[in-house]
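Chains as they are written, first to last, in the working numbering: chain A, 1 to 218; chain B, 219 to 677; chain C, 678 to 1207. One structure is given below, encoded as structure tokens.
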Amino acid sequence: MNRRHFLRLMLASGIIMSVPITGSLATAAEPENRFHRVSQALTGRQQLDPAISQRLYALLTRQNPLFPQRLAQLAERLGRSDALAPEALLTSLSEEEIDTALAIITPWYLGYTGNPATTRATDDAHFVSFLSALMYEPTADVTPRPSYSQRGSDYWQAVPDGVSAPPMPANIHAWGAASPRAASRIAQPQPAWLAMVEGRARTYAEALRLTDGAGGRS
Amino acid sequence: MRITASLLILLPALALAQPDSATLKRGEYLAIAGDCSACHRNPDNGHPFSGGYRISSPLGDIIATNITPSRVNGIGNYSLADFRRVMREGRRRDGSYLYPAMPYTAFASLTDEDIAALYAWFMTGVPAEDHQVPATQLPFPFSWRAMMALWNGLFLSPQPLASGSAEAIGDARGEYLVKTLGHCGSCHTPRNVLMAEKSASFLRGGAVGSWQAPDLTQARLYAWSESELATYLKTGSLPGKAIAAGEMATVVENSFSRLTDSDRRSVARYLLTLGHAPADAHAAPTPPPRAIAAFETGPSATLRGAIGGEQMSGAQLYNAACASCHGAQGEGSRDAPQTFPRLTGTSAVLNADPANLIMTVAEGVDRTTVSGHAFMPAFSSQMSSAELARLLDYVSTQFGAAGRHITEEQVNHTLRHPRHSLWLQRAPWAGAGLLALLICLGVWRYRSHKRSHHESTPL
Amino acid sequence: MTHYDADVVIIGSGALGANAAYQLAKAGKSVIMLEAGPYIPRWKVVDNYRNSASKRNWCAPYPNLPWAPNSYSDGYIEAQGDDDFNYVTSFLKVAGGSTRHWASACWRLLPNDFKLKSVYGVGRDWPIAYDDLEPWYLRAEREVGVVGTAEEDQSGQGRDAWPPRSAPYPLPPEAKPYMVQRMQAKLGPLGYQVIHEPHARVSRPYDGRPACAGNNNCEPVCPIGAMYSGDMHVDKAVALGVDLRTESVAWKLEKGPKNRIVAVHYRKPDGRDVRLSAKAFVVAAHGLESPKLLLMSDVANSSDQVGRNLMDHTGLSMTFLADEPLWTGRGSVQHGSIATRRDEPSRAQHSAIRYALRNLVPNSDVTPALLRQGLVGRELDAAIRDRASRIMNISTMSETLPSPTNRVTPHPTRRDGAGLPTLLVNYQLDSYVRGMRPQAYRDFANFLMAFNGEMVEAPTGWRNQYHIMGTTIMGDDPRDSVVDAHCRSWDHANLFIASTGVMPTSATVNPTLTGIALALRLADTLIREL
């Protein structure tokens, strides 16, 4: 985890700049309240659910007894008065403080802490929230939060909002006899793409170098 | 020569006997508006008019008759005068009386032209089916149909109404449809103890089995516009206001959705002239935002808690069973028109009588109109009555009005609503018994009075 | 006059057992259906899912009880085999069985799938032909409500409609999602025919179920009941009087005179044992627990094939970012398929291949990596949106051949909470399925090229599809098969097996519809004989 990279991104995303650096973060009365404000500052949301905040704070504290201390430190840094220029303020964040920030941001986005397992019954993941999980917000106009339907049947045929569909055959919507027929022969694959599939190259550029540019795009 | 002559004689008669296509179409339309097949359908094969469907009345089941032109088991032998007598007086060709489950009290106000068109349709437009329908047998003394003469004398009062046109919008036309063919009062008007519609409370609300047919006057409809009401009649769906379920869903599906747009507007226009808007008209309340943490409580702590709902609150039950379609905030789906309606502000939820909310959740919705196939599963088999009650209480208080609770007793009472009312069935016996008792009492007192008088007279 | 506790005892209340129970009850037979796990209503599973941290774990929202452990239970399945593949499978132990968390793909096998040995010289033949099973395929499709089109060549060659059908699908296809349209538009010119995948998410209200509304949660549970799951037939069977006994773990089939099975013993969580007698017994406990029960009981195994010939659809999976928005997640979790390689001459050398197009809402797949990169705030949100709109996964269904060393046995030492042996599996990939890799790579290269794709996960590993087949294999010779053409044990005339474990070939399609068809057919046999 590249600390400078993280800070650049915080700056670029406007998060740090948009935090009201009035010192209220550091002086918030109870730790839960401080955690709530820090969470809002770090995620860039002003409407986080306070009850979920409380729950997440309790969970993070159980998982790491040093967390309240780390939170206080981070809050203090973020809430420092503007005696220091923001850039100087940011470069003073330690590795540990960045880790703390990520430990807070991650469960707000994912809705859980830890690492859920897909094919084992036990893992170290802990539930925080589902309806509050922020990772679904950026796509909420196009896809649903799983299990909560947004629309009725068959809406999925339409071109999603904001997408300009490339030209397609007129009967592309049809299944069955009216569905467009594929070409009768399967194309020969190009060497560069084959190299990527085989795991011999990570990117197309690498694959081209590997196959001496012998595979071009069709 | 003789053949030609008889043909020449018969031809005009044949011409008279065969109604023109305009009359037939009108008759067919009137039969849809009157929703005759709602009762007169054949539940075995789905034929719309050959009868057999059982109408559940508090006094017992009344079996709808075969009204196809079958000469054996239908109305094939009826003349126009016979048909008119059925519609206006509730009397069959053989003079016997119909029970007012057949809403002849409404049809009595049909115009002559409309009755004639209906007659033409049923006699020549509907194919004859010889389906034999069992006779209705209500318990004595209600099996004595002749008592209907008295009932009719008290409650049968046709009104002189003009029929108007199916192509022009007007509240006179609307009044005609509502009071005659629509026979809306059969469900939506409360009835007195003699099972007659209370004319002073026309359309102020009635019961249909476990369902409630709401008040259709301004007391309930003040916030509706004419076009909204017409849309509801066409599709059965006005998200945020009302959803047709139970019997009303079938009425929309079979009747209202197949009327002309003008007729639906006329009905709407007329209904909106009835009664007075409530004094404190208020908009549908917006529900308080829900605290997610109250129902997203994490994995269950116990094995039992992980497989059943005994420990789940109404909010949790709602989120588990309902929010997948109706939204986490009861907001419904995002498409327009809404596939899954929003619950906030919808009539079944706002109604002070919880019957329709209970019944909709218990039995679901299954209604097909031009706007599609609306479907909601039935939940009565998926939950215990305690769970249902908590869920319904949450829906009512969260999306309806804060204090409007629903209890498990109410849920059980609604779901177990008896088909027939033993009290009403036995009422005449109780009355007769009481009368007999009074007579005996009177006789006893008379005799004891005579005896004492006799004793006090010196010999 | 012998007293029986029931006409038929069915062990297992999944889709196959419950369908058999329902048919038997309709015919007036008395049935007791045993289920190791509990009954859990659909809405409770939804509640558990939403409150779980492990949402991509298809067993997590279902009860996992000590006496009825599911396949993910720690230490329940010990798998031995290859270095490059670890056998994992997925099944539940609840009323309604594993179809409660499937994605409901409902393909029929092709006629050639029944004749792999005769046509291609590998594997085994079924003792029946496609035409023999066709009437029951149709009934199975109607029982579960299958959506499909009868107009396509499901063998993927772009020819006339195939396989032959005696009637159309009960329900018409759903609308084609935009992503699938894009797949078809880009891959069609390269020679890959995208066809409709038949499935059991009803496209209009059917049998008391609403139409699919794109909740995109088929696995682990359809929140609205549009998608078929075995509990629907459990409910129907119980409504007709079937005695469903949950939390009842069958552990022994008791042999009697004339080699008939006379009783089944089951255990309750408190350790109490119950014995039930019946005229006939149907083992319907899916492909690993059914052979385990037979082996523990020492029945039905004169062929020494019980537990052997374990097959799955082990294959490859590629995830990439397309150069255009596809927006997976609109609709259900899977629509359409590429079946072009389902039945080629190369089946004589290596596995056939069918490609599945995944349509999950991908936010939980793309976000953790972005967080680890240190993205936050608006950058993070934008990156989530961008990646979620373009990420795509295509995986293979590849067929495996029956091999006697691929097998499941009761674990020699480990015990579960009921005191019964856990599972020991030996599963190795043979050259038949390994041999399909070069061909799959060529296809994946074409897919990647079509979308100018950025590789996220190359298809270099192996993964299972959790389709358990072969372990109680069907054949025409009692010396090398466990059941005959009617799913009846060769050794015990009144013992039947309703399981995908009877399938002698795995083909490249999900086996459940075939299993249900066989279950309906064996129910007919039982009805005739009882």
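Quick reminder that beta carbons are idealized off the backbone N, C-alpha and C, glycines included. Given the structure is predicted, the values throughout are model-derived calculations rather than measurements.
Near residue i, which residues of its chain fall below 6 Å by C-beta distance, leaving aside the five closest residues on each side in sequence?
{"i": "G582(B)", "result": "M594, P595, A596"}
{"i": "A1065(C)", "result": "P1039, N1040, V1043"}
{"i": "M973(C)", "result": "P1087"}
{"i": "R1205(C)", "result": "none"}
{"i": "Y814(C)", "result": "R785, A1194"}
{"i": "N1070(C)", "result": "T996, R1035"}
{"i": "L810(C)", "result": "A1194"}
{"i": "T323(B)", "result": "L374"}
{"i": "L60(A)", "result": "F67"}
Between residue i and the rest of its own chain, which residues show a CB-CB distance below 7 Å, the 5 nearest in sequence each way excluded?
{"i": "D141(A)", "result": "D161"}
{"i": "G618(B)", "result": "V567, L568"}
{"i": "D571(B)", "result": "Q430"}
{"i": "S565(B)", "result": "P432, K459, A460"}
{"i": "Q40(A)", "result": "Q46, L48"}
Buried or exposed for residue i, please, with buried defined as at least 16 other CB atoms from any protein chain shown within 10 angstroms of its CB.
{"i": "L677(B)", "result": "With a pLDDT of 48 at L677(B), under the threshold of 50, the modelled position of that residue is not reliable, and the figure given next carries that caveat. Counting Cβ neighbours within 10 Å, L677(B) comes out exposed, since fewer than 16 surround it."}
{"i": "F325(B)", "result": "buried"}
{"i": "V983(C)", "result": "buried"}
{"i": "R1049(C)", "result": "exposed"}
{"i": "P1076(C)", "result": "Before going on, a small fix: residue 1076(C) reads as Glu here, not Pro. Under this definition E1076(C) is a buried residue."}
{"i": "F127(A)", "result": "buried"}
{"i": "A695(C)", "result": "buried"}
{"i": "I657(B)", "result": "exposed"}
{"i": "Y271(B)", "result": "buried"}
{"i": "A75(A)", "result": "buried"}
{"i": "P746(C)", "result": "buried"}
{"i": "G112(A)", "result": "The sequence given here has Tyr at residue 112(A), not Gly. The residue in question, Y112(A), is buried, as its Cβ has 16 or more Cβ neighbours within 10 Å."}
{"i": "R181(A)", "result": "exposed"}
{"i": "F358(B)", "result": "exposed"}
{"i": "V579(B)", "result": "buried"}
Note down, in chain order, each residue of its chain lying with its Cβ closer than 8 Å to the Cβ of residue i, except the 5 sequence neighbours on either side.
{"i": "A346(B)", "result": "T286, P287, S288, R289, G292, G294"}
{"i": "Y883(C)", "result": "G822, P847, L848"}
{"i": "V976(C)", "result": "L930, K932, I938, S1166, D1168, H1169, L1172"}
{"i": "Q628(B)", "result": "P572, I576, A607"}
{"i": "R682(B)", "result": "Look at the range of chain B in this structure, 219 to 677, and you will see that residue 682(B) is not part of it."}
{"i": "L696(B)", "result": "An answer regarding residue 696(B) cannot be provided, because it is not within the stretch 219 to 677 covered by chain B."}
Any idea what DSSP makes of residue i, helix, strand or coil?
{"i": "S1166(C)", "result": "strand"}
{"i": "P866(C)", "result": "helix"}
{"i": "A448(B)", "result": "helix"}
{"i": "H623(B)", "result": "coil"}
{"i": "K243(B)", "result": "helix"}
{"i": "V951(C)", "result": "strand"}
{"i": "E896(C)", "result": "coil"}
{"i": "E76(A)", "result": "helix"}
{"i": "V661(B)", "result": "helix"}
{"i": "R969(C)", "result": "For the record, residue 969(C) in the displayed sequence is Lys; it is not Arg. Helix."}
{"i": "W108(A)", "result": "helix"}
{"i": "M904(C)", "result": "strand"}
For the 8 Å Cβ check, are there 3 or more pairs between the region 1157-1169 of chain C and the region 1028-1046 of chain C?
Contact annotation: the region 1157-1169 of chain C does not touch the region 1028-1046 of chain C, with fewer than three C-beta pairs closer than 8 Å.
Below 9 Å between beta carbons is the criterion; list the residues of the region 525-556 of chain B that meet it against any residue of chain A, in chain order.
Answer set for the region 525-556 of chain B: N537, A541, S542, C543, G545, A546, S551, R552, D553, Q556.
Residues from the region 853-869 of chain C in contact with chain A, defined by Cβ distance under 7 Å:
Across the region 853-869 of chain C, CB contacts with chain A closer than 7 Å involve K853, P854, Y855, Q858, Q861, A862, G865, P866, L867, G868, Y869, in sequence order along the chain.
Counting Cβ pairs closer than 8 Å, one from the region 460-480 of chain B and one from the region 555-566 of chain B, do we hit at least three?
Touching, per the Cβ criterion.
Within 8 Å of chain A by C-beta, residues of the region 513-525 of chain B in sequence order
Answer set for the region 513-525 of chain B: E514, G516, P517.
Could you tell me whether the region 328-345 of chain B touches the region 372-386 of chain B, where touching means 3 or more Cβ pairs closer than 8 Å?
The region 328-345 of chain B vs the region 372-386 of chain B: in contact.
Give me the subset of the region 595-615 of chain B whose CB atoms are less than 8 Å from a CB atom of chain C, sorted by chain position.
Cβ contacts with chain C: P595, A596, S599, Q600, M601.
Along the region 38-68 of chain A, what residues have a CB closer than 9 Å to any CB found in chain B?
Per Cβ criterion, the list reads D49, P50, A51, I52, Q54, R55.
Closer than 8 Å, Cβ to Cβ, to anything on chain A: give me those residues from the region 876-897 of chain C, in chain order.
Near chain A, meaning a CB-to-CB distance below 8 Å, the residues of the region 876-897 of chain C are S880, R881, A888, C889, A890, G891, N892, N893, N894.
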